[in-house]
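*Asks:*
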Amino acid sequence: MNVLTLTARELGRLLRGRLTWLVLALTALSPAAGLTVLRFTASETMLSRCVADPALAAGVLGGLLFALLTLWDSARASKSRVEVLTDAAVSPLTAALARLAALLVTAALALVLTTLAWLPWTAYTVGAVFDGLDYLLAYGILMGLALPLCILLAGAAWQFTRRFDLSLVLVAVLAALSLTVWRGEWQLCWLNPCVWALSDDFSNFRVLRSAAYMRLTWLLGLAGVWALSWLCIRRYGKGPLGSLARSARRVYRPLLALALLLCCGWSYAAQPFIDRSNPDLTVMSFFEIPYLEGVTFVSRTAQVFPDTKAGTVSGRASFRFENTSGQEQKVAFGVNPGYTVSDVRANGVDVPFTVSAYQEYNEALLEVTIPADGEVELTMAYRGYPQESIPTMQGGKELSAEYLCLENSALSPRLMNVLPGEDGYPAAIEITLPEAMTVIPFGSSEAEIIAEHDNGTRTWRYEDNGTGGILYAGDYVREDMEAGGIHIQFYYGRKHQAVMEAVGAADAVQAVVDYCTQHYGPLSFGAGESLKLIQSRVAGGGYAADGASLLDEAGFTIANLADGAKGAAAGEVFIHELVHQWWGLGNMFDTADPSSPWSAEGLTVYTTYRIAKELYGEDYAVENYVDQWRAAVDDYYLNFYVRCPEYLDALPEAERLAISNALSGMRQYSEMPLKILKAQELVGGEEAMDEILKGLFTRELDPMYPYLTYQEFLDACGLTEEDLSLD
Amino acid sequence: MTKIFSCECRRLLCNKFFIGLLAVLLFYAGQVFYLAVLPGVAHTAPFSPWSFGVYLGRLLPLLWVGALFFLTFFTSARERRAAVLTAATPADPRRYALTRCAAALVGTALLCLAALALAAVCYARLFGWYGWDTLVLPTLVTLAPPLVFALGSGWRLGEVRPWLLYVWMAFPFVLSALPLPQALGLWDGSFFAGYPLTLDALDPAFSMPASAWLAQGLTLALGLLLLALPSRKQGV
Numbered sequence: 123m124n125v126l127t128l129t130a131r132e133l134g135r136l137l138r139g140r141l142t143w144l145v146l147a148l149t150a151l152s153p154a155a156g157l158t159v160l161r162f163t164a165s166e167t168m169l170s171r172c173v174a175d176p177a178l179a180a181g182v183l184g185g186l187l188f189a190l191l192t193l194w195d196s197a198r199a200s201k202s203r204v205e206v207l208t209d210a211a212v213s214p215l216t217a218a219l220a221r222l223a224a225l226l227v228t229a230a231l232a233l234v235l236t237t238l239a240w241l242p243w244t245a246y247t248v249g250a251v252f253d254g255l256d257y258l259l260a261y262g263i264l265m266g267l268a269l270p271l272c273i274l275l276a277g278a279a280w281q282f283t284r285r286f287d288l289s290l291v292l293v294a295v296l297a298a299l300s301l302t303v304w305r306g307e308w309q310l311c312w313l314n315p316c317v318w319a320l321s322d323d324f325s326n327f328r329v330l331r332s333a334a335y336m337r338l339t340w341l342l343g344l345a346g347v348w349a350l351s352w353l354c355i356r357r358y359g360k361g362p363l364g365s366l367a368r369s370a371r372r373v374y375r376p377l378l379a380l381a382l383l384l385c386c387g388w389s390y391a392a393q394p395f396i397d398r399s400n401p402d403l404t405v406m407s408f409f410e411i412p413y414l415e416g417v418t419f420v421s422r423t424a425q426v427f428p429d430t431k432a433g434t435v436s437g438r439a440s441f442r443f444e445n446t447s448g449q450e451q452k453v454a455f456g457v458n459p460g461y462t463v464s465d466v467r468a469n470g471v472d473v474p475f476t477v478s479a480y481q482e483y484n485e486a487l488l489e490v491t492i493p494a495d496g497e498v499e500l501t502m503a504y505r506g507y508p509q510e511s512i513p514t515m516q517g518g519k520e521l522s523a524e525y526l527c528l529e530n531s532a533l534s535p536r537l538m539n540v541l542p543g544e545d546g547y548p549a550a551i552e553i554t555l556p557e558a559m560t561v562i563p564f565g566s567s568e569a570e571i572i573a574e575h576d577n578g579t580r581t582w583r584y585e586d587n588g589t590g591g592i593l594y595a596g597d598y599v600r601e602d603m604e605a606g607g608i609h610i611q612f613y614y615g616r617k618h619q620a621v622m623e624a625v626g627a628a629d630a631v632q633a634v635v636d637y638c639t640q641h642y643g644p645l646s647f648g649a650g651e652s653l654k655l656i657q658s659r660v661a662g663g664g665y666a667a668d669g670a671s672l673l674d675e676a677g678f679t680i681a682n683l684a685d686g687a688k689g690a691a692a693g694e695v696f697i698h699e700l701v702h703q704w705w706g707l708g709n710m711f712d713t714a715d716p717s718s719p720w721s722a723e724g725l726t727v728y729t730t731y732r733i734a735k736e737l738y739g740e741d742y743a744v745e746n747y748v749d750q751w752r753a754a755v756d757d758y759y760l761n762f763y764v765r766c767p768e769y770l771d772a773l774p775e776a777e778r779l780a781i782s783n784a785l786s787g788m789r790q791y792s793e794m795p796l797k798i799l800k801a802q803e804l805v806g807g808e809e810a811m812d813e814i815l816k817g818l819f820t821r822e823l824d825p826m827y828p829y830l831t832y833q834e835f836l837d838a839c840g841l842t843e844e845d846l847s848l849d
Numbered sequence: 004m005t006k007i008f009s010c011e012c013r014r015l016l017c018n019k020f021f022i023g024l025l026a027v028l029l030f031y032a033g034q035v036f037y038l039a040v041l042p043g044v045a046h047t048a049p050f051s052p053w054s055f056g057v058y059l060g061r062l063l064p065l066l067w068v069g070a071l072f073f074l075t076f077f078t079s080a081r082e083r084r085a086a087v088l089t090a091a092t093p094a095d096p097r098r099y100a101l102t103r104c105a106a107a108l109v110g111t112a113l114l115c116l117a118a119l120a121l122a123a124v125c126y127a128r129l130f131g132w133y134g135w136d137t138l139v140l141p142t143l144v145t146l147a148p149p150l151v152f153a154l155g156s157g158w159r160l161g162e163v164r165p166w167l168l169y170v171w172m173a174f175p176f177v178l179s180a181l182p183l184p185q186a187l188g189l190w191d192g193s194f195f196a197g198y199p200l201t202l203d204a205l206d207p208a209f210s211m212p213a214s215a216w217l218a219q220g221l222t223l224a225l226g227l228l229l230l231a232l233p234s235r236k237q238g239v
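As they're listed, the protein sequences go chains A and B. As numbered in the numbering used here, residues 123 to 849 make up the first sequence, in order. As numbered in the numbering used here, residues 4 to 239 make up the second sequence, in order.
#1: Going by beta-carbon coordinates alone, are Glu-651 of chain A and Ile-697 of chain A separated by less than 7 Å?
#2: Ala-48 of chain B touches chain A at which residues, Cβ-Cβ below 8 Å?
#3: Does Gln-219 of chain B come within less than 7 Å of chain A when only Cβ atoms are used?
#4: If you follow the alpha helix (DSSP H) that Leu-555 of chain A is part of, which residue opens it and which one closes it?
#5: When DSSP labels each residue in this structure, what does Leu-841 of chain A get in the three-state scheme?
#6: In chain order, what residues of the same chain have a beta carbon less than 6 Å from the beta carbon of Glu-552 of chain A, not counting five sequence neighbours either side?
#7: Mapping DSSP to helix, strand and coil, what is Ile-411 of chain A?
#8: Pick from A:Arg-284, A:Leu-292, A:Leu-269 and A:Ser-369: whose alpha carbon is nearest that of Arg-337 of chain A?
#9: What residues in its chain sit with their C-beta under 8 Å from that of Ile-572 of chain A, if we drop five residues either side in the sequence?
#10: Quick check on Met-168 of chain A: buried or exposed, where buried means 16 or more other Cβ atoms within 10 Å of its Cβ?
#11: Going by CA-CA distance only, name the one from A:Arg-221, A:Asn-484 and A:Ser-440 that's closest to His-421 of chain A.
#12: At what residue ranges does the stretch 139-209 of chain B contain a whole run of the alpha helix (DSSP H), taking only runs of 4 or more?
#13: Quick one: what does DSSP say Tyr-358 of chain A is sitting in, helix, strand or coil?
#14: Hey, does Glu-777 of chain A have any beta-carbon neighbour from chain B nearer than 7 Å?
#15: Enumerated in chain order, which unbroken segments of the alpha helix (DSSP H) with a length of 4 residues or greater are wholly contained in the stretch 593-660 of chain A?
#16: In its own chain, which residues sit with a C-beta less than 6 Å from the C-beta of Leu-229 of chain B, not counting the 5 before and 5 after it?
#17: Given a cut-off of 7 Å on the beta-carbon distance, is the pair Thr-514 of chain A and Thr-554 of chain A in contact?
#18: Measure the C-alpha to C-alpha separation of Val-121 of chain A and Leu-113 of chain B and round it to an integer number of angstroms.
#19: Quick one: residues in its chain with C-beta nearer than 6 Å to the C-beta of Ala-532 of chain A, no 5 flanking neighbours on either side, listed in chain order?
#20: How many Å lie between Val-453 of chain A and Gln-393 of chain A at the Cα?
#21: What residues from chain A crowd round Phe-130 of chain B, counting only those whose CB sits closer than 7 Å?
#22: Excluding the 5 residues flanking Asp-253 of chain A on each side, which residues of the same chain have their C-beta closer than 6 Å to its C-beta?
#23: Terminal residues of the continuous alpha helix (DSSP H) containing Phe-711 of chain A?
#24: For Ile-512 of chain A, which residues in chain B fall below 9 Å Cβ to Cβ?
#25: Output the boundary residues of the beta strand (DSSP E) element that contains Leu-528 of chain A.
#26: Which chain B residues sit within Cβ distance under 8 Å of Ala-784 of chain A?
#27: Which residue marks the beginning of the beta strand (DSSP E) containing Asp-674 of chain A, and which one marks its end?
#28: Can you give me the C-alpha to C-alpha distance between Val-748 of chain A and Val-159 of chain A, rounded to a whole angstrom?
#29: According to the neighbour-count rule (16 or more other Cβ atoms, all chains shown, within 10 Å of its Cβ), is Asp-472 of chain A buried or exposed?
#30: Along the stretch 201-212 of chain B, where does the CB come closer than 9 Å to a CB of chain A? Name the residues.
#31: Report the three-state DSSP secondary structure of Gln-451 of chain A (helix, strand or coil).
#32: Would Trp-67 of chain B and Ala-153 of chain B qualify as a contact pair, given that the criterion is a beta-carbon distance under 7 Å?
#33: Could you tell me which chain A residues have their CB closer than 7 Å to the CB of Gln-34 of chain B, listed as they occur along the chain?
#34: I'd like to check one pair, Leu-500 of chain A with Phe-455 of chain A: are the Cβ atoms closer than 7 Å?
#35: Does Lys-201 of chain A pass the burial test, meaning 16 or more other C-beta atoms within 10 Å, or should it be called exposed?
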């Protein structure tokens, strides 16, 4: 009987077993754990909550269930003491192969059943931003690939040890390692890949590629281990080593196992996703490179060609310098560690260059020797897969036909040690992208289309001034509006259009900018007449620069917009998130102290209330904001742990932090706004408070500590902490 | 009958299924304790009867499922085939059935005790708190009526069609999705979170309105009645 026939019979036998169907049913149910007790992601996007977490939980629980099924099935013959008979009928090696194949087919069936079972609920819950491809990829990679890993691991453990209990312990130990100490090691957490967030509005190929790569590395390794254990299957009454010697007589078998293990090792070492930047973030040696004497910058250009299918970038950069030193000079650039630099020429002649193995802040050091000529035109080509620095927050270098973000040295080599010329660092960037993508330079520059190609791509061009630069591009919707005396370009993902329209995003932007500019002053990062508000892919926060500000998509998810603590209705939560442009980004706050209610949220919620009052009237604002804060604060002071803090102190640290964090959230969102409201009464009303806040917003910043503190707020109000007590 | 009772108990308790169920229950209980009970309920302490009631309410569906799973031991197809033999023995079928039901009750009680023991350990470890006497009444009033009812109703349903037991297992989950009146709030724990807030006092002692007492009493009585009714089929 050949392996295929035997596999079909094994599969039939497996599918007749009640245990198999129990495992299939429990695996299909296991995504529910991801919605409740087994949360892996750190983001609140809809796809993180409703797709990534359930799929990861299904991978962990389903994988462990299939490991149990594998062990149970492997031990079946020996438990029934019929091994002698079955071994006489079929070679144990053939039987093991057939069993493995049957289990893998069953795992595939489990994946299909689970994916189909959860599809309707997920599509309904995620709503307008649901994406079938993301769903299938997430379940396939995060759940589907976990099952064969567990089957191979459990099968190998059994074939090595021939002990059910010992094999179970081995599987449990490796699973526990993955779930605990390896959790932050993206290449080691084989059971629960490091997926911290999935984007709702843009693609997720980068983070899913990384998870798939890790899983395939482990698949190679475990397939190698399994093949080795397969050779150790006991034959002719021999022990593991005797059986190995016997089975290895066909040389291709051990060679195959060895090749798989070597491929795994190579795959582990040659991963293309994460750089090897110095983990010590206090070291900034690249910024300490001295400027060259006698060399000044004239201009630079870059032609960038992202491959949106492969996720890679190729480009050509050209730099013009004046070299008055009369000697050769070594120009330093920062390049993304994933790029290979080639074809480096100065005035058309090849020049020597080196790329350092040392990396820092997601850059490697490229040093090029330029000749002693008075005018030098340096050109170079670069190509590769842009690497990231933080393995537990992958996805920042997403590059697809839906979205890309190329920052500084990922866009073009970043010049480090040449002084600017009379015009600073003028730059002209050209980038060729699919026609559905809109190019948005992060800053005051405007990109324009300069060529349309037959292959469905367009070349965009923009001018900038600087050694680096950030470029966003994606399938964006743009809305233009006038507010607060400036022209606002509001960009958001096309997939989010329905949500944005439902919450009246454009009106909200206008209302917030008008209100905040009038009451607190214009944003410091607005470029005079215009401001770009760009919704970014989920990135763990936003940032702002001259003429542009980033809005993290996590603030605009359907779930977040339904968060009553931030605003009475979805549109008001949207307002809340926009107000963070003033309180949080325009005026920064230090990391919130859990024992204090002071944070960016207090002023943001207060401002949201004021805007709601202006838009919908006092009664509405009092009912939906002030009354809610009062109720929450009353609740807070009645809380058992607030009344009896000694019990909170007695708790272990993890539990204490969980409770105090929950309480501090309420303090930031409800207690602080109430205190500010009380301060408003004490200082003489809304207008007086607006003046105070305007003064704080436009104050001169201390560059060493630019954060707005509670004490500064109290001093500006002429009040003390006791004055704002709510007792 | 004592021998049969101990034999049935051994069958129910000394197997992988019971151990697996126990492990799942303890894991779930631990999660409920840390996530729902530890923060305290309705401004009361985590070790108040109200917080503890929420703990029991959340565990009830799992205990219900456990109780019904025990009954599947006695209603399976294999068991029905063996019933021909047991029916031929001189043992009184009614007493035999009650003995088996008592064994299922013991299994369920052990599951409950395990959950209670876990809470006791957590209370002692985290707060050094041992005032268990205040929790006896909420425990009895929360767990006893639904679980006796589960055994009684499950027993009868299993006699009609064994697979009905599996359908019946979903009952508390369905209930938890419904907006129950306050009198039935003990079934999903919502009573313990809501009722103390209506008492207008901080840390109120445990009490229940008459409607809740009545609902729990009726449930218990119905459960006992179903257990006491003569078997539809002999030997099961």
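Built from N, CA and C at the ideal position, the CB exists for glycine as well.
*Replies:* The relevant details are as follows:
#1: Cβ atoms of Glu-651 of chain A and Ile-697 of chain A: not closer than 7 Å.
#2: The contacting residues are Phe-762, Cys-766 and Tyr-769.
#3: Output row for Gln-219 of chain B: interface = no.
#4: That residue, Leu-555 of chain A, is in no alpha helix (DSSP H); its beta strand (DSSP E) goes 548-556.
#5: Secondary structure of Leu-841 of chain A (DSSP, three-state): coil.
#6: Within the same chain, Glu-552 of chain A has close Cβ partners Gln-425, Thr-581 and Arg-583.
#7: Residue state, collapsed to three classes: coil.
#8: Minimum Cα-Cα distance from Arg-337 of chain A among the listed residues A:Arg-284, A:Leu-292, A:Leu-269 and A:Ser-369 corresponds to A:Leu-269.
#9: If we look at Ile-572 of chain A and ignore the five residues flanking it on each side, its Cβ neighbours are Glu-552, Thr-581, Trp-582 and Arg-583.
#10: Met-168 of chain A is buried by the Cβ-count criterion.
#11: For clarity, residue 421 of chain A is Ser in the given sequence; the question names His instead. Among A:Arg-221, A:Asn-484 and A:Ser-440, the Cα nearest to that of Ser-421 of chain A belongs to A:Ser-440.
#12: Within the stretch 139-209 of chain B, the complete alpha helix (DSSP H) runs of at least 4 residues are 167-171, 174-180 and 193-197.
#13: Three-state result, Tyr-358 of chain A: coil.
#14: It does: the Cβ of Glu-777 of chain A has a partner Cβ on chain B nearer than 7 Å.
#15: The stretch 593-660 of chain A contains these whole alpha helix (DSSP H) runs: 619-624 and 627-642.
#16: Counting only Cβ-Cβ distances below 6 Å, and skipping sequence neighbours, we find Gly-155, Ser-156 and Arg-159.
#17: Their beta carbons are not under 7 Å apart, which means Thr-514 of chain A does not touch Thr-554 of chain A by this criterion.
#18: In the structure as shown, chain A begins at 123 and stops at 849. Residue 121 of chain A is therefore absent and cannot be evaluated.
#19: Here Ala-532 of chain A has Asn-458 and Pro-508 as same chain residues with Cβ atoms under 6 Å from its own Cβ, once five neighbours each way along the sequence are excluded.
#20: The alpha-carbon atoms of Val-453 of chain A and Gln-393 of chain A are separated by roughly 29 Å.
#21: At a C-beta separation below 7 Å, Phe-130 of chain B has these neighbours in chain A: Tyr-769 and Ala-772.
#22: Nothing meets the Cβ criterion.
#23: Counting along the chain, Phe-711 of chain A sits inside no alpha helix (DSSP H), nor does DSSP assign it H or E at all.
#24: Under the 9 Å cutoff, chain B gives no residues; its nearest Cβ is about 29 Å from Ile-512 of chain A.
#25: Its beta strand (DSSP E) spans residues 525-529.
#26: Within chain B, the C-beta atoms nearer than 8 Å to that of Ala-784 of chain A come from Pro-42, in chain order.
#27: Taken as a continuous stretch (DSSP letters only), the beta strand (DSSP E) holding Asp-674 of chain A covers 670-674.
#28: In this structure, the CA atom of Val-748 of chain A is about 34 Å from the CA atom of Val-159 of chain A.
#29: Flag for Asp-472 of chain A reads exposed.
#30: The residues in question are Leu-205 and Asp-206.
#31: If DSSP states are grouped into helix, strand and coil, Gln-451 of chain A belongs with the strands.
#32: Less than 7 Å divides the Cβ of Trp-67 of chain B from the Cβ of Ala-153 of chain B.
#33: For Gln-34 of chain B, the chain A residues whose C-beta falls within less than 7 Å of its own C-beta are Val-159, listed in chain order.
#34: No, Cβ-Cβ distance for Phe-455 of chain A and Leu-500 of chain A is not below 7 Å.
#35: Counting the other CB atoms within 10 Å of its CB gives Lys-201 of chain A a total below 16, which places it among the exposed residues.
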